[in-house]
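Numbering (the working numbering), first residue to last: 15 to 136.
1) In angstroms with no decimal places, state the Cα-to-Cα distance between residue 61 and residue 87.
2) Strictly by DSSP, which residues pair up with residue 111?
3) What does a CB cutoff of less than 6 Å around residue 23 pick up in its chain, not counting 5 residues either side in sequence?
4) If you follow the alpha helix (DSSP H) that residue 76 is part of, which residue opens it and which one closes it?
5) For residue 95, which residues from the same chain have a beta carbon less than 7 Å from its beta carbon, with the 5 sequence-adjacent residues on both sides left out?
6) Residue ranges of each beta strand (DSSP E) run of no fewer than 3 residues wholly in the region 22-55, ordered along the chain?
7) Within 10 angstroms of its Cβ, does residue 19 collect 16 or more other Cβ (buried), or is it exposed?
8) Under 7 Å, do residue 118 and residue 90 count as touching if we go by C-beta distance?
9) Using DSSP with H/G/I as helix, E/B as strand and the rest coil, what is residue 117?
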């Protein structure tokens, strides 16, 4: 596995974790770590059936994917920040840039598409 794949796998895991909706539905438990207990309770009482839960999970996944993609666009120099300065992801120890010869934001979306296609097959 390449260093980029390792990065993308970690980002996918972050996305999948934050897109969990185990706190919805009639038998759900609100996460202990959350400071938004009232908000979770409001949603738990509004999003109850399986179709609603699946739809909300898809929306969360899409939103988190969009945020991660946007951060990678910023790192790739595709936002107004690049007019002020560029940032990089550098591997500590080797000084190797993760941006060299790659568009992180494009490759990340490709990684997700491949990972999700493979999960449908397995």
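Each residue gets a CB set at the ideal place from its N, CA and C atoms; glycine is no exception.
Since the structure is predicted, the reported quantities are computational estimates derived from the model, not experimental observations.
In short:
1) 33 Å
2) 104
3) none
4) 64-89
5) 88
6) none
7) exposed
8) yes
9) coil
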